[in-house]
Every structure is written in C-alpha cells, then in structure tokens.
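Report on one structure; see the data block that follows.
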Amino acid sequence: MMANGSCLCGEVKYSFTGTPVMQALCHCLPCRKVSGSAYTTNLLVPSTLFTFLSGSSKLKSFSTLHPSGMTLTIHFCEKCGTKIYKEGSADDFKGLFIVQAGTLDGGEGRMGLGDVEVGAELWVKDRVAWVPARGGPAQMQEFS
Numbered sequence: 063m064m065a066n067g068s069c070l071c072g073e074v075k076y077s078f079t080g081t082p083v084m085q086a087l088c089h090c091l092p093c094r095k096v097s098g099s100a101y102t103t104n105l106l107v108p109s110t111l112f113t114f115l116s117g118s119s120k121l122k123s124f125s126t127l128h129p130s131g132m133t134l135t136i137h138f139c140e141k142c143g144t145k146i147y148k149e150g151s152a153d154d155f156k157g158l159f160i161v162q163a164g165t166l167d168g169g170e171g172r173m174g175l176g177d178v179e180v181g182a183e184l185w186v187k188d189r190v191a192w193v194p195a196r197g198g199p200a201q202m203q204e205f206s
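Residue numbering for the sequence shown follows the numbering used here, beginning at 63 and increasing consecutively.
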C-alpha cells in the first residue's frame, strides 16, 4: 500500500508505504483538543516507512503529558497549523508515527481517508455521549 498526504496549505507533504500497524479512532482528551472535534482518526505507521516529500523544516512540535502518563508530541505545519502526526513516548508507540488520517490525499492507487479501516476505538471511557460506538472495532477503555 502507498499513501501520500499533506497539510492544508500544501507546504508539508509526506508519503508512506505498507499497511498501518493499527487504524484507530481515539477519544482521549488530548486528541479531542488537538483535533477540535470529538475524536481523531489515526494511522500507526512505522517511522522507517514514512518519508517527507517537502516541508519537513516547516514542522513545529508541541509536547504534553498524556493521561496515560506518556509524553505526547504533536507535529504540525507552522504556516497553516495542520496536525500531521503525533508521537508517544510509551513503549507501545516506539518507532511509530501516529499519522492523522484526515491529512491523506488519496488518489489512484493510494490510500485515502475513505480507505481507512478502523480496527479499534481507544479511550472509549472518554467518548462523548452523542458519538455512538462503532459496530465491529474493538472498544478499548484506554490504549488496551
């Protein structure tokens, strides 16, 4: 599988190959805050399969303590503010980029947002009441 993505202004562009290790919705408070919505749609991609095509020097980052106890670092375009990916300091996230699925560009033969196959919902204990549980994906109280 091949995927390309970018930020809103087009300064930052990336690609990755292979199938994401996990495709998940996350309802934790930091994900809600960073997205400005009820949850984020995340693709866990090995960092070794992820390449910046342009604009890596335009990325800024912000780190915060996650409720799980790990440090969560959010990487975003300095010009338009689009969140491209996150990194978690917990062992389970080592070597992975948590790519924001809404940044996928899609296109012929490339993964787009409509191709995401959600396999899990994370931090469902923080899910807002007006967002129903999806049928099928694993429902995890936190990360497990």
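Backbone N, C-alpha and C define an ideal beta-carbon position, used for all residues, glycine too. Predicted model only: the values in this text are computed from it and were never measured.
With a beta-carbon spacing of about 5 angstroms, residue 112 and residue 159 fall inside the 8 angstroms limit used to define contacts. Annotated three-state conformation of residue 195 is coil, per DSSP. Annotated as distal: residue 161 and residue 101, with beta-carbon spacing of 8 angstroms or more. Per the C-alpha coordinates, the member of 104, 123, 143 and 98 positioned closest to residue 70 is 143.
Between residue 176 and residue 199, the C-beta spacing is not below 8 angstroms. Residue 139 has 121 as its beta-bridge partners, per DSSP.
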